[in-house]
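Novice: What follows is a structure written as structure tokens; I'll ask about it next.
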Amino acid sequence: MKALQLTGSEAIVHYRIIILWLFILSTSHVKAQIISLKNPSLEGTAGLERAVPPEWSIIEETPDIQPGVYGVSMSASDGDTYVGMVATTYIQEGITQLLSHPLDSGKSYSLSFDLAYTARYSWTITYGGFAIYGSSEFGKREELLWSSGIFTHTDWKQYQAVFTPSKAYNYLIVTAYKQPGDSVKNIAGVLVDHFSDIREVIQLSLSSENSCNGDNGVAVAKVKNTDDEYAYLWSTGDTCSRLIGVKNGVYHVTVRGLKKKTTTYGMVNVQASELSGKVNIHHVSCNGVDDGIIYVATRGGVLPYAYHLNDAATDHADSVFSHLAAGTYKVKVTDAGGCTAVIDNIDLKEPEALVIKSLTLTSESCAGAQDGKLVITAEGGTAPYIYSVPGYINAQSDSVLKKLSPGNYSYSVADRHQCQVIEDFEITKGGRVCAVYVPTAFSPNGDGVNDVFRAAVNDYVTNFSMRVFGRWGQQIFESRNPDNGWDGTFKGVYQDPGAYLYVMTYTDSKGQDMKQHGTLVLVR
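Take 645 as the starting number for the sequence shown in the working numbering and just add one per residue.
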């Protein structure tokens, strides 16, 4: 059995945003059921522990008549006394009363009372909690009709419970109430006073179908009670249960039970259906590729939504458009009520084409050196780039691809989005014998012929070093690059003609550490 909730739903043929209230206001007349409780103010002897007021009985464990027990000194909200109760995981204190007339199955009732919380009550009380049960026999909590939820106010506050029993009940039970699944260490407590009569009420649900253009809203009043006939009067003067084609605004309705002479009042707020949308985009990854994506996020309106791309004739149930080329797009969103939102000027971009601006090929320097080299300059696409020779050189960020043997290859350049350029190239075989030749003389006279002393390297060498020493053994030149040579100066001063000593070390293409030294002659 479920307690009557203050929300509800109603199936509606046209589109809907259900904004639902449950309004329970009653004026009872001859035929509406009223059940009066005995001793509703819980009057008894103050300060009695493990006791209940007259006309009430203990349902479980032992409540107390307050004030005056366990340090509770708060004054009653009505009369002189009230009841205090606690609930733990193992006990649930409560009181009960045999009703003068049973609660009827399917009818809705209201009952008001005052509640308060106290932080100390023999134990430390974690929070306030209160529940109402129905029972067909004494001592049995048969159906939970209503519960308060957690509260912590220490002053008296009036509550109104509305409930609909699933069957007829002779007994009303009220207890302290601990939330289901709560920690074992937590304790709930309640101070209760000032019960009203139990009154049969009209159960009225109000809903609105909101407007997208300001003048086609709908307001609906529906009575869930089936044991009477009802008359409706709206603030517009209409006397039907459903207003159609109304503007945005608040509409009041009065509902009267013709047989039981009950009356209730309600209000419906018809609002504009504010449908809106925005997009997130995933731009095209590679030039000329159709992999752009538009994600549409929609708010408001009435579900379900339909989506149209660039005024397409057919709608699209999904809010994601994929496999799109670069370009400008428009998305129209339509909700179930025909309201629309248009998002235009959606610009999907693509990067410039990835191209190879230049290639520099270096063939094998000498037979067997395996020192072919490819230098690539790329542009366009989306940096950074990755370079490789599939099957030979793994992907690397360096655009210089080295140590290639003679043969035919393919290189690959890929950007951040894996856009690729793949082309073939060839490393030709070196025709000379692998060796390093050192001249014996040079003439640095500025005539452009033999002006620099350097080695003729016909090999792939590493760890290169060449040093030149003067006649007194002092070092006057050093280079670690075989392309750099000595121009015959030392600290900017031209050196005298004569004999000089050189020492050259390197590792050749076969991995051998080599050393060459000798005399060179400077001629002017």
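By construction, the Cβ of each residue, glycine as well, lies at the ideal position given by its N, Cα and C atoms.
What would DSSP say about G1114, mapped onto helix, strand or coil?
Specialist: coil
Novice: Does Y1150 pass the burial test, meaning 16 or more other C-beta atoms within 10 Å, or should it be called exposed?
Specialist: buried
Novice: Let me confirm a value: G1016 is counted as buried when at least 16 other C-beta atoms fall within 10 Å, else exposed. Which label applies?
Specialist: Label assigned to G1016: buried.
Novice: Taking the continuous beta strand (DSSP E) assigned at H952, which residues delimit it?
Specialist: 950–953
Novice: Closest by CA to K1046, which one among V1057, G1025, I1071?
Specialist: I1071 is the residue among V1057, G1025, I1071 whose C-alpha sits nearest the C-alpha of K1046.
Novice: Can you tell me the Cα-Cα spacing of D1131 and C1010, whole angstroms?
Specialist: If you take the alpha carbons of D1131 and C1010, they lie about 27 Å apart.
Novice: Which residues does DSSP list as the beta-bridge partners of Q1052?
Specialist: The residue you asked about is not Gln; residue 1052 is Asn in the sequence shown. Answer is E1070, bridged to N1052.
Novice: Among A1100, D1140, N1102, whose alpha-carbon lies nearest the alpha-carbon of R1115?
Specialist: D1140
Novice: Ignoring anything shorter than 3 residues, give me the beta strand (DSSP E) runs that lie fully in the segment 924–982, in order along the chain.
Specialist: Within the segment 924–982, the complete beta strand (DSSP E) runs of at least 3 residues are 936–943, 950–953, 964–968, 971–978.
Novice: Using three-state DSSP, classify Q1156 as helix, strand or coil.
Specialist: Coil.
Novice: Relative to the C-alpha of A731, which candidate in G715, S1049, Y771, K822 has its C-alpha closest?
Specialist: K822
Novice: Using the three-state DSSP reduction, which class does Q823 fall into: helix, strand or coil?
Specialist: coil
Novice: Helix, strand or coil, according to DSSP, for V1165 in the structure here?
Specialist: strand
Novice: Using only alpha-carbon positions, find the residue among G889, G833, W790, D841 that is nearest to N860.
Specialist: G889
Novice: What residues in its chain sit with their C-beta under 8 Å from that of E787, if we drop five residues either side in the sequence?
Specialist: M645, Y777, G778, S779, P809, S810, K811, Y813
Novice: How close, in whole Å, do the beta carbons of Y951 and V977 come, if the pair is a contact with beta carbons under 8 Å?
Specialist: 6 Å
Novice: So the beta strand (DSSP E) P711 belongs to, where does it begin and stop?
Specialist: Note, P711: premise wrong, no beta strand (DSSP E); not H, not E.
Novice: What does a CB cutoff of less than 6 Å around K751 pick up in its chain, not counting 5 residues either side in sequence?
Specialist: E844
Novice: By Cβ distance, which residues of its chain are closer than 8 Å to A1100, with the 5 residues on each side in sequence left out?
Specialist: Non-local C-beta neighbours of A1100 in its own chain, meaning closer than 8 Å and more than five positions away in sequence, comprise V1080, Y1081, V1082, P1083, ordered along the chain.
Novice: Can you tell which of K1154, G1155, G1129 has the C-alpha that lies nearest to the C-alpha of L1164?
Specialist: G1129
Novice: Using 8 Å as the threshold, is the C-beta distance between F807 and Y753 below it?
Specialist: yes
Novice: Please classify W800: does DSSP put it in a helix, a strand, or coil?
Specialist: coil
Novice: Could you work out which residue in T740, D724, F1113, Y1146 is closest to A690 when comparing CA atoms only?
Specialist: D724
Novice: Got a sec? Which residues, its chain only, sit under 6 Å from F1113 by beta carbon, not counting five neighbours each side?
Specialist: Q1119, L1145
Novice: Relative to the C-alpha of T898, which residue among K904, K891, V1105, G881 is closest?
Specialist: G881
Novice: Looking only at its chain, what residues have a beta carbon closer than 6 Å to the beta carbon of K868, apart from the 5 residues adjacent to it on each side?
Specialist: Q847
Novice: Run through the DSSP bridge pairs and tell me what N1102 is partnered with.
Specialist: A1079
Novice: Would the segment 753–770 and the segment 828–836 be scored as touching if the rule is three or more Cβ pairs under 8 Å?
Specialist: Because the criterion of three Cβ pairs below 8 Å is met, the segment 753–770 and the segment 828–836 touch.
Novice: With H, G and I counted as helix, E and B as strand and the rest as coil, what does DSSP make of A1039?
Specialist: Secondary structure of A1039 (DSSP, three-state): strand.
Novice: I need the boundaries of the beta strand (DSSP E) containing H896, first residue and last residue.
Specialist: 893–901
Novice: Using a Cβ-Cβ cutoff of less than 7 Å, which residues in the same chain neighbour G1177 once the five nearest sequence positions on both sides are dropped?
Specialist: In this structure the chain extends from 645 to 1168, so residue 1177 is not present and cannot be described.
Novice: Would P697 be called buried (16 or more neighbouring beta carbons within 10 Å of its own) or exposed?
Specialist: buried
Novice: What do you reckon, are the CB atoms on L919 and A961 nearer than 8 Å?
Specialist: no
Novice: Helix, strand or coil for K1001? Go by DSSP, reduced to three states.
Specialist: strand
Novice: Could you tell me the boundaries of the beta strand (DSSP E) in which S701 lies?
Specialist: 701–704
Novice: What are the residues that DSSP puts in a beta bridge with R886?
Specialist: V864
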